[in-house]
Amino acid sequence: MKPQMLGTKYDKIAKWWHDRHSNSEYGIKQIEKALQFCVSHENALDVGCGAGGRFVRKLQKKGFKITGLDVSREMVKLARENHPSETFFVQDICTWETEQKFDFIIAWDSIFHLPFSMQEPVVTGLCNILVKNGVLIYTFGDGYGEHTDEWHEEEFYYSSIGIKGNLSVLMKNEIICKHLEFDQFPENHVYVIAQKS
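Mind the numbering: the sequence shown is residues 15 to 211 in the working numbering, read in order.
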């Protein structure tokens, strides 16, 4: 699915997503666990930031300056309204380029929408923009391959290189896995916390 098409689908549910997730506890314990590994708290990147909310506030409390990316214009508009002191871009992580390095990177329930062929390049790219001892937390599906599901009367695309594939990419980039968990078992939802050596 092309990023523009995905962004349009999320545009349609941006208000619903904001109202449902802004003050949700979903993912907070996992983010807190990842933050325990942080050595410095300067710059954070949120890939698929949505309308901001709970993750941005958590990072702000830790002293991070936040950059957020999302393919949905409506989501980014809400994020800018919610957090005017932070920086948000309507961008596709597959093509986004930056010279900045980050101490903490989140990609929570976002990169599983990437084309299958872009899974390894994007995870590699995230590894490359971590500072030394920087921490990466992201989610993916355990199943290897790609599929579509219907959600909010729209068809959404998902892909994954699975646990073995993701751990292999991290190891190739000298990123050490600190924690991996099926956090919604029996669903195939996995999150990993990894740190640059």
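Yeah, the Cβ is synthetic: ideal placement off N, Cα and C, and Gly gets one too.
(request) Work out the CA separation of residue 133 and residue 86 for me, nearest whole Å. (result) The sequence position of residue 86 within the sequence shown is 72, counting from 1. The sequence position of residue 133 within the sequence shown is 119, counting from 1. Rounded to the nearest angstrom, the two C-alpha atoms are 20 Å apart.
(request) Return the chain-ordered list of same chain residues with a C-beta closer than 7 Å to the C-beta of residue 21, the five sequence neighbours on each side being excluded. (result) Numbered from its first residue, the sequence shown carries residue 21 at position 7. These residues qualify, in order along the chain: 85, 86, 87.
(message) Would residue 6 and residue 206 qualify as a contact pair, given that the criterion is a beta-carbon distance under 8 Å?
(response) In the structure displayed, the chain extends from 15 to 211; residue 6 sits before or after that span and is not available.
(message) Do residue 32 and residue 92 have their beta-carbon atoms positioned less than 8 Å apart in this structure?
(response) In the sequence shown, residue 92 corresponds to position 78, counting from 1. In the sequence shown, residue 32 corresponds to position 18, counting from 1. Yes; because the gap between Cβ atoms is below 8 Å, this pair is in contact.
(message) Looking at chain B, is there any beta carbon in it that lies within less than 8 Å of the beta carbon of residue 96?
(response) Of the chains in the structure shown, none is chain B; there is only one protein chain.
(request) Grab the span of the beta strand (DSSP E) containing residue 149 for me, first residue to last. (result) In the sequence shown, residue 149 corresponds to position 135, counting from 1. It spans 144-155 - the beta strand (DSSP E) in which residue 149 sits, taken as one unbroken run.
(message) Whole angstroms are fine: how far does the CA of residue 121 sit from the CA of residue 175?
(response) Within the sequence shown, the letter at position 161 stands for residue 175. Within the sequence shown, the letter at position 107 stands for residue 121. Approximately 15 Å, taken between the alpha carbons.
(request) Indicate whether the contact test is met: 3 or more Cβ pairs, each with one atom in the stretch 146-153 and one in the stretch 32-51, closer than 8 Å. (result) yes
(request) Decide if the stretch 134-149 is in contact with the stretch 195-204; the criterion is three or more beta carbon pairs, one per stretch, under 8 Å apart. (result) The stretch 134-149 makes no contact with the stretch 195-204: fewer than 3 CB pairs, one atom from each, lie closer than 8 Å.
(request) Compute the distance between the beta-carbons of residue 183 and residue 149, then report whether it is under 8 Å. (result) For the purposes of this step, residue 183 is taken as residue 169 along the sequence shown, with counting starting at 1. For the purposes of this step, residue 149 is taken as residue 135 along the sequence shown, with counting starting at 1. In this structure, residue 149 does not lie closer than 8 Å to residue 183 by Cβ.
(request) Let me know the alpha helix (DSSP H) ranges lying completely inside the stretch 80-154, each 4 residues or longer, listed in chain order. (result) DSSP runs (the alpha helix (DSSP H)) wholly in the stretch 80-154: 87-96, 133-142.
(message) Nearest by alpha-carbon distance to residue 139: which of 123, 193, 119 is it?
(response) The sequence position of residue 139 within the sequence shown is 125, counting from 1. Ranking 123, 193, 119 by Cα distance to residue 139 puts 119 first.
(request) Report the residue from 209, 172, 101, 186 whose alpha carbon sits nearest the alpha carbon of residue 202. (result) The sequence position of residue 202 within the sequence shown is 188, counting from 1. For the residues 209, 172, 101, 186, the minimum Cα distance to residue 202 belongs to 172.
(message) Measuring only the C-alpha atoms, how far is residue 131 from residue 72?
(response) Along the sequence shown, read from residue 1 onward, the residue named residue 131 stands at position 117. Along the sequence shown, read from residue 1 onward, the residue named residue 72 stands at position 58. Between residue 131 and residue 72, the C-alpha separation is close to 32 Å.
(message) Which of the three DSSP states is assigned to residue 180 in this structure?
(response) Within the sequence shown, residue 180 is the residue found at index 166, counting from 1. Looking at residue 180 - three-state DSSP - the assignment turns out to be helix.
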